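A.B. asks:
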Amino acid sequence: MDMNIYHMINWFFMFSFFGYLLECIVLTYEYRTPVVNRGFGHGPFCIIYGFGALGACLFLQPFASQTIKLYFATSIMATTMELVTAHLMIRFFGSFWWDYSHKWMNYKGIICFQSSVAWGFLGIFFFRFLNGFVHRMVGYISGSFEKWTALCLLAFYFCDFVYSFRAQLHKDSDSDEPVLGRLKIY
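In the numbering used here, the protein residues as written are 41 to 226.
Structure, rendered in structure tokens:
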């Protein structure tokens, strides 16, 4: 399997897309109504999942064959990522895009026990199945198309991020009231 930079970019965005799908499915089930647009931007990507997959590969590989250690390491890493991401979003926008305040054992609605437990199982699923599956799927993209796919995804996300970031700053400057748990529920 060719592990060039374009492969890794496509791999990153596929995990970001799967994270977007996971968020939409879980929240649709939880709220009993369709939930869409769970990413920061307008595209179907939650890049925290791409970064989570990258972090898992870089830092959790030593635990991959030790299920119990992998479970706890993944729970800690993912919960920490949620905490850091929420604090960055609060710093920039005065709010964050999820709200666990209604869940048991939560910290300021940012992290909660239930999600931390789920992250551990997701980490095991990642190392046992999902990472290999995504690498194989990305491997089906042919050589020159792989490069253009990666470059187009980067360009799209960059433009989407800049547009969304500016729109959010403008939106937040129009209001003195921070908004928590920004969900688009239809």
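All C-beta atoms in this analysis are idealised placements derived from N, C-alpha and C, irrespective of residue type, glycine included.
Only a predicted model underlies this, so the values are computations on that prediction, with no experimental measurement involved.
Along the chain, where does the alpha helix (DSSP H) containing Q106 start, and where does it finish?
C.D. replies: Taken as a continuous stretch (DSSP letters only), Q106 belongs to no alpha helix (DSSP H), as it is neither H nor E.
A.B. asks: Run the CB neighbour count on V178, radius 10 Å, all protein chains shown included, and call it buried at 16 or more, exposed below.
C.D. replies: With 16 or more other Cβ atoms within 10 Å, it is buried.
A.B. asks: Return helix, strand or coil for N171, following the three-state DSSP convention.
C.D. replies: N171: helix per DSSP, three-state reduction.
A.B. asks: Start and end of the alpha helix (DSSP H) containing I181?
C.D. replies: Unbroken run through I181: none, as it is neither H nor E.
A.B. asks: Specify the secondary structure class of Y71 as computed by DSSP and reduced to three states.
C.D. replies: If DSSP states are grouped into helix, strand and coil, Y71 belongs with the helices.
A.B. asks: Who are the near neighbours of L67 in its chain, counting only those whose CB is closer than 6 Å to its CB and skipping five residues on each side?
C.D. replies: For L67, where only same-chain residues beyond five positions count, the Cβ hits under 6 Å are V75.
A.B. asks: Beta-carbon separation of T125 and W159 under 8 Å?
C.D. replies: It is not a contact, given that the beta carbons lie outside the stated cut-off.
A.B. asks: Look at G59 and Y197 and say whether their C-beta atoms are less than 8 Å apart.
C.D. replies: No, the pair does not count as a contact, with Cβ atoms beyond the cut-off.
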